[in-house]
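Participant: Here it is: the structure, laid out below.
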Amino acid sequence: MKLPLNDEQNTLLKQIEKEGFVVVEDLLDNKTCQEFKNLLNRFYDDLHPHYATTKKKSLHGLNDKAQEKIVFNLHNKHINFMRLINHSVTMPVIGAILQKGSYNDNEPYIYTGSSGRSPSFNSEQQLHIDSRVPGCNLALQAQCLWLLDDFTQQNGATRVVPLSHQFKFYPENGKHYPKEVTVTAPAGSVIIFNGGLWHGSSKKCTHDDRWGVIISYARWFYKQSFQILQNTPKYIYDRLNEFEKCLLGAKTQLALDEFERISMRSETVQDPQKFYTKLESLCEIM
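Here's what the structure looks like:
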(Lines of atoms letter the chains of each structure in order from A and count residues from 1; the text may use other names and numbers.)
(Lines give C-alpha, C1' and ligand atoms only; values in the text may rest on other atoms or scores of the structure.)
Protein backbone atom coordinates (compact mmCIF):
# COMPACT_ATOMS: atom_id res chain seq x y z
CA MET A 1 0.00 0.00 0.00
CA LYS A 2 1.29 3.42 -0.98
CA LEU A 3 0.76 6.07 1.69
CA PRO A 4 0.25 9.69 0.56
CA LEU A 5 2.82 12.31 1.56
CA ASN A 6 2.01 15.91 2.38
CA ASP A 7 4.33 18.81 1.51
CA GLU A 8 6.20 18.58 4.81
CA GLN A 9 6.78 14.85 4.40
CA ASN A 10 8.01 15.36 0.83
CA THR A 11 10.54 17.86 2.18
CA LEU A 12 11.69 15.34 4.81
CA LEU A 13 12.04 12.67 2.12
CA LYS A 14 14.21 14.90 -0.07
CA GLN A 15 16.45 15.71 2.89
CA ILE A 16 16.94 12.01 3.65
CA GLU A 17 17.68 11.22 0.01
CA LYS A 18 20.30 13.99 -0.07
CA GLU A 19 21.94 13.88 3.38
CA GLY A 20 20.95 10.40 4.54
CA PHE A 21 18.98 11.62 7.56
CA VAL A 22 16.61 14.26 8.88
CA VAL A 23 15.51 15.45 12.34
CA VAL A 24 11.87 16.23 13.14
CA GLU A 25 11.19 17.92 16.47
CA ASP A 26 8.09 18.16 18.69
CA LEU A 27 6.33 14.94 17.69
CA LEU A 28 5.96 13.67 21.28
CA ASP A 29 5.14 15.77 24.33
CA ASN A 30 6.98 15.40 27.65
CA LYS A 31 4.17 13.38 29.23
CA THR A 32 4.23 10.83 26.42
CA CYS A 33 8.03 10.56 26.56
CA GLN A 34 7.86 9.91 30.29
CA GLU A 35 5.18 7.24 29.84
CA PHE A 36 7.37 5.40 27.35
CA LYS A 37 10.41 5.71 29.64
CA ASN A 38 8.41 4.29 32.53
CA LEU A 39 7.44 1.30 30.39
CA LEU A 40 11.02 0.73 29.26
CA ASN A 41 12.48 0.93 32.75
CA ARG A 42 9.89 -1.50 34.04
CA PHE A 43 10.34 -4.00 31.23
CA TYR A 44 14.13 -3.74 31.51
CA ASP A 45 14.04 -4.49 35.25
CA ASP A 46 11.76 -7.49 34.73
CA LEU A 47 13.30 -9.00 31.61
CA HIS A 48 17.03 -8.33 31.34
CA PRO A 49 18.04 -11.11 33.78
CA HIS A 50 16.51 -13.58 31.31
CA TYR A 51 18.23 -12.33 28.11
CA ALA A 52 20.29 -14.74 26.05
CA THR A 53 23.97 -13.78 26.03
CA THR A 54 26.86 -14.40 23.70
CA LYS A 55 30.44 -15.07 24.82
CA LYS A 56 31.81 -14.28 21.37
CA LYS A 57 33.62 -10.95 21.25
CA SER A 58 33.79 -8.87 18.07
CA LEU A 59 36.16 -6.11 17.04
CA HIS A 60 33.33 -3.61 16.66
CA GLY A 61 31.61 -4.50 19.95
CA LEU A 62 28.13 -3.74 18.60
CA ASN A 63 26.64 -6.90 20.09
CA ASP A 64 27.91 -6.18 23.60
CA LYS A 65 24.84 -4.93 25.48
CA ALA A 66 26.34 -5.09 28.99
CA GLN A 67 26.95 -1.34 29.05
CA GLU A 68 23.39 -0.27 28.44
CA LYS A 69 19.80 -0.78 29.45
CA ILE A 70 18.02 -2.35 26.52
CA VAL A 71 14.53 -3.70 25.84
CA PHE A 72 13.97 -5.64 22.62
CA ASN A 73 10.87 -6.35 20.52
CA LEU A 74 8.82 -3.38 21.62
CA HIS A 75 5.87 -4.42 19.45
CA ASN A 76 5.17 -7.30 21.84
CA LYS A 77 5.63 -5.39 25.09
CA HIS A 78 2.80 -2.85 25.00
CA ILE A 79 0.29 -1.73 22.36
CA ASN A 80 1.37 1.90 22.81
CA PHE A 81 4.68 1.19 21.09
CA MET A 82 2.71 0.71 17.88
CA ARG A 83 2.08 4.47 18.03
CA LEU A 84 5.79 4.88 17.30
CA ILE A 85 6.13 1.97 14.88
CA ASN A 86 3.18 3.21 12.80
CA HIS A 87 3.35 6.97 13.36
CA SER A 88 1.36 9.21 11.02
CA VAL A 89 4.34 11.50 10.31
CA THR A 90 7.12 8.96 9.89
CA MET A 91 5.33 6.02 8.26
CA PRO A 92 4.60 7.65 4.86
CA VAL A 93 8.23 8.82 4.68
CA ILE A 94 9.56 5.36 5.52
CA GLY A 95 7.21 3.87 2.93
CA ALA A 96 8.38 6.25 0.22
CA ILE A 97 12.04 5.47 0.99
CA LEU A 98 11.56 1.71 0.85
CA GLN A 99 9.12 1.50 -2.05
CA LYS A 100 11.17 3.67 -4.41
CA GLY A 101 12.45 1.60 -7.32
CA SER A 102 10.24 -1.39 -6.56
CA TYR A 103 7.62 -2.54 -9.08
CA ASN A 104 5.34 0.48 -9.62
CA ASP A 105 7.02 1.93 -6.49
CA ASN A 106 4.41 -0.02 -4.58
CA GLU A 107 5.86 -3.27 -3.20
CA PRO A 108 5.52 -3.95 0.53
CA TYR A 109 7.96 -3.07 3.27
CA ILE A 110 8.16 -4.52 6.76
CA TYR A 111 9.08 -3.71 10.31
CA THR A 112 12.24 -5.68 11.11
CA GLY A 113 12.84 -4.90 14.76
CA SER A 114 12.91 -2.38 17.58
CA SER A 115 14.59 -1.71 20.89
CA GLY A 116 14.68 0.89 23.62
CA ARG A 117 18.23 1.79 24.66
CA SER A 118 19.76 3.82 27.46
CA PRO A 119 23.57 3.55 27.47
CA SER A 120 25.52 3.86 30.70
CA PHE A 121 28.60 6.06 31.23
CA ASN A 122 30.47 4.67 28.27
CA SER A 123 32.78 5.15 25.31
CA GLU A 124 31.47 5.93 21.85
CA GLN A 125 29.96 3.29 19.62
CA GLN A 126 31.71 2.10 16.50
CA LEU A 127 30.38 3.79 13.35
CA HIS A 128 28.38 1.25 11.39
CA ILE A 129 25.56 0.74 8.92
CA ASP A 130 22.38 -1.26 9.51
CA SER A 131 21.54 -2.09 5.90
CA ARG A 132 24.34 -4.71 5.69
CA VAL A 133 25.25 -3.53 2.18
CA PRO A 134 26.91 -0.11 1.71
CA GLY A 135 26.24 2.44 -0.99
CA CYS A 136 23.19 0.94 -2.69
CA ASN A 137 21.46 3.16 -5.24
CA LEU A 138 18.13 2.44 -3.54
CA ALA A 139 17.58 2.30 0.22
CA LEU A 140 17.20 -1.27 1.42
CA GLN A 141 16.53 -0.42 5.04
CA ALA A 142 15.51 2.65 7.06
CA GLN A 143 15.29 3.66 10.70
CA CYS A 144 13.43 5.93 13.06
CA LEU A 145 15.24 6.89 16.26
CA TRP A 146 12.79 8.37 18.75
CA LEU A 147 14.34 10.59 21.42
CA LEU A 148 12.65 10.12 24.79
CA ASP A 149 15.28 12.26 26.54
CA ASP A 150 17.19 15.26 25.24
CA PHE A 151 20.14 14.11 23.11
CA THR A 152 23.14 16.31 23.95
CA GLN A 153 26.88 16.48 23.34
CA GLN A 154 27.44 15.02 26.82
CA ASN A 155 24.97 12.13 27.03
CA GLY A 156 25.84 9.93 24.07
CA ALA A 157 23.79 11.49 21.27
CA THR A 158 23.97 9.76 17.91
CA ARG A 159 26.72 10.85 15.57
CA VAL A 160 26.47 10.44 11.80
CA VAL A 161 28.49 11.08 8.67
CA PRO A 162 26.24 13.02 6.26
CA LEU A 163 26.12 11.63 2.70
CA SER A 164 27.73 8.36 3.83
CA HIS A 165 24.68 6.38 2.68
CA GLN A 166 26.21 6.84 -0.78
CA PHE A 167 29.63 5.38 0.17
CA LYS A 168 30.31 1.95 -1.30
CA PHE A 169 32.54 0.85 1.58
CA TYR A 170 32.26 0.34 5.33
CA PRO A 171 33.57 2.67 8.06
CA GLU A 172 36.87 1.51 9.52
CA ASN A 173 36.91 0.20 13.07
CA GLY A 174 38.00 2.82 15.58
CA LYS A 175 38.44 5.60 13.03
CA HIS A 176 37.10 9.14 13.30
CA TYR A 177 36.01 10.94 10.14
CA PRO A 178 36.33 14.71 9.68
CA LYS A 179 32.73 15.16 8.56
CA GLU A 180 31.16 13.38 11.55
CA VAL A 181 28.40 15.38 13.25
CA THR A 182 26.65 14.74 16.56
CA VAL A 183 22.88 15.02 16.19
CA THR A 184 21.51 16.88 19.20
CA ALA A 185 17.78 17.43 19.61
CA PRO A 186 15.18 17.73 22.38
CA ALA A 187 13.09 14.90 23.77
CA GLY A 188 10.08 14.21 21.57
CA SER A 189 12.08 14.41 18.34
CA VAL A 190 12.72 11.67 15.82
CA ILE A 191 15.70 11.08 13.55
CA ILE A 192 14.71 9.32 10.31
CA PHE A 193 17.63 7.89 8.37
CA ASN A 194 18.70 5.60 5.56
CA GLY A 195 19.98 2.31 7.00
CA GLY A 196 23.12 2.72 4.91
CA LEU A 197 24.11 5.90 6.76
CA TRP A 198 27.22 5.63 8.92
CA HIS A 199 26.11 6.21 12.49
CA GLY A 200 26.86 5.34 16.12
CA SER A 201 26.31 6.78 19.56
CA SER A 202 28.88 9.26 20.87
CA LYS A 203 30.72 9.04 24.19
CA LYS A 204 28.41 9.30 27.20
CA CYS A 205 29.85 11.46 29.97
CA THR A 206 26.84 11.48 32.31
CA HIS A 207 25.20 8.86 34.52
CA ASP A 208 21.62 9.93 33.79
CA ASP A 209 19.28 7.88 31.64
CA ARG A 210 19.28 8.75 27.94
CA TRP A 211 16.49 6.69 26.42
CA GLY A 212 16.01 6.33 22.70
CA VAL A 213 13.75 3.97 20.75
CA ILE A 214 15.17 2.64 17.51
CA ILE A 215 12.71 1.16 15.01
CA SER A 216 13.92 -0.58 11.87
CA TYR A 217 12.12 -1.17 8.58
CA ALA A 218 13.18 -2.82 5.34
CA ARG A 219 12.00 -3.97 1.95
CA TRP A 220 9.76 -7.01 2.28
CA PHE A 221 12.42 -9.57 1.33
CA TYR A 222 14.79 -8.57 4.14
CA LYS A 223 15.24 -10.85 7.14
CA GLN A 224 13.69 -9.66 10.41
CA SER A 225 15.73 -9.51 13.62
CA PHE A 226 13.44 -12.01 15.35
CA GLN A 227 10.41 -14.11 14.37
CA ILE A 228 8.26 -11.07 14.89
CA LEU A 229 4.87 -12.37 13.85
CA GLN A 230 5.37 -15.48 15.98
CA ASN A 231 6.45 -13.51 19.07
CA THR A 232 3.43 -11.20 19.09
CA PRO A 233 0.91 -12.01 21.86
CA LYS A 234 -2.75 -12.42 20.92
CA TYR A 235 -3.89 -9.53 23.13
CA ILE A 236 -1.70 -7.19 21.05
CA TYR A 237 -2.20 -8.83 17.65
CA ASP A 238 -5.98 -8.58 17.94
CA ARG A 239 -5.71 -4.80 18.33
CA LEU A 240 -3.68 -4.28 15.15
CA ASN A 241 -5.20 -3.13 11.89
CA GLU A 242 -4.42 -4.97 8.65
CA PHE A 243 -1.65 -2.56 7.67
CA GLU A 244 0.08 -3.09 11.03
CA LYS A 245 -0.24 -6.87 10.77
CA CYS A 246 1.40 -6.66 7.35
CA LEU A 247 4.18 -4.49 8.79
CA LEU A 248 4.89 -7.31 11.23
CA GLY A 249 5.06 -9.74 8.31
CA ALA A 250 1.58 -11.25 8.01
CA LYS A 251 1.80 -11.37 4.19
CA THR A 252 5.53 -12.00 3.81
CA GLN A 253 6.14 -15.14 5.89
CA LEU A 254 7.55 -18.03 3.88
CA ALA A 255 5.25 -20.93 3.13
CA LEU A 256 6.19 -24.29 4.63
CA ASP A 257 6.23 -26.02 1.26
CA GLU A 258 4.82 -26.01 -2.27
CA PHE A 259 1.53 -27.50 -1.09
CA GLU A 260 0.78 -24.46 1.04
CA ARG A 261 1.81 -21.75 -1.44
CA ILE A 262 4.26 -21.33 -4.31
CA SER A 263 4.67 -17.54 -4.13
CA MET A 264 6.94 -15.82 -1.62
CA ARG A 265 4.17 -13.46 -0.54
CA SER A 266 0.63 -14.24 0.50
CA GLU A 267 -2.37 -12.40 -0.93
CA THR A 268 -4.11 -12.56 2.43
CA VAL A 269 -3.07 -11.98 6.03
CA GLN A 270 -1.57 -15.13 7.56
CA ASP A 271 -2.23 -15.07 11.29
CA PRO A 272 0.22 -16.83 13.63
CA GLN A 273 -0.69 -20.50 14.06
CA LYS A 274 0.22 -20.31 17.73
CA PHE A 275 0.28 -17.11 19.74
CA TYR A 276 3.19 -16.09 21.95
CA THR A 277 2.78 -16.44 25.71
CA LYS A 278 6.33 -16.39 27.12
CA LEU A 279 6.16 -12.81 28.41
CA GLU A 280 3.30 -13.70 30.73
CA SER A 281 5.64 -15.84 32.83
CA LEU A 282 8.36 -13.18 33.01
CA CYS A 283 6.57 -9.93 33.77
CA GLU A 284 3.22 -8.40 34.58
CA ILE A 285 1.22 -7.81 31.41
CA MET A 286 -0.21 -4.32 30.96
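Everything in the sequence shown is counted per the numbering used here, starting at -16 for the first residue and increasing by one.
C-beta: ideal position from N, C-alpha, C; glycine also.
Please read these numbers as outputs of a predicted model, since none were measured by experiment.
1. Can you tell me whether T73 is buried or exposed, with buried defined as 16 or more other CB within 10 angstroms of its CB?
2. Following the continuous beta strand (DSSP E) through K158, name the residue where it begins and the one where it ends.
3. Report yes if the C-beta distance between G178 and A233 is below 8 Å; otherwise report no.
4. Leaving out the 5 sequence neighbours to the left and right, which residues in its chain are closer than 6 Å to W129 when beta-carbon positions are compared?
5. What runs of the alpha helix (DSSP H), each 4 residues or longer, lie entirely inside the segment 154 to 228?
6. Specify, as a first and last residue, the run of the alpha helix (DSSP H) that P75 falls within.
7. For K60, name the three-state secondary structure that DSSP assigns.
8. If you follow the alpha helix (DSSP H) that C16 is in, where does it begin and where does it stop?
9. Short of 7 Å in beta carbon distance, which residues of its chain neighbour E225, apart from the five on each side in sequence? Order them along the chain.
10. If we count the other Cβ atoms within 10 Å of its Cβ and call it buried at 16 or more, is T(-6) buried or exposed?
11. To the nearest angstrom, report how far apart T298 and R202 are at their CA atoms.
12. Could you tell me which residues DSSP pairs with Q50 in its beta bridges?
13. Look up Y34 in the DSSP assignment and say whether it is helix, strand or coil.
14. Spell out a yes or no on whether the segment 79 to 97 and the segment 181 to 189 are touching, meaning 3 or more CB-CB pairs, one atom from each, closer than 8 Å.
15. Could you check the C-alpha separation between Y259 and Q(-8) for me, to the nearest Å?
16. Quick check: the Cα distance between V144 and K151, rounded to an integer number of angstroms?
17. Starting from T141, follow its DSSP beta bridges and name the residues at the other end.
18. Whole angstroms is fine: what's the gap from K20's alpha carbon to L231's?
Facilitator: With the given structure in hand:
1. buried
2. Counting along the chain, K158 falls outside any beta strand (DSSP E), and DSSP gives it neither H nor E.
3. no
4. L67, V173 and V196
5. 217 to 220
6. T73 to Q82
7. coil
8. N13 to L30
9. V252
10. exposed
11. Here the chain covers residues -16 to 269 and nothing more, so residue 298 does not appear.
12. Partner(s): none; Q50 has no beta bridge.
13. coil
14. no
15. 36 Å
16. 14 Å
17. S184
18. 23 Å
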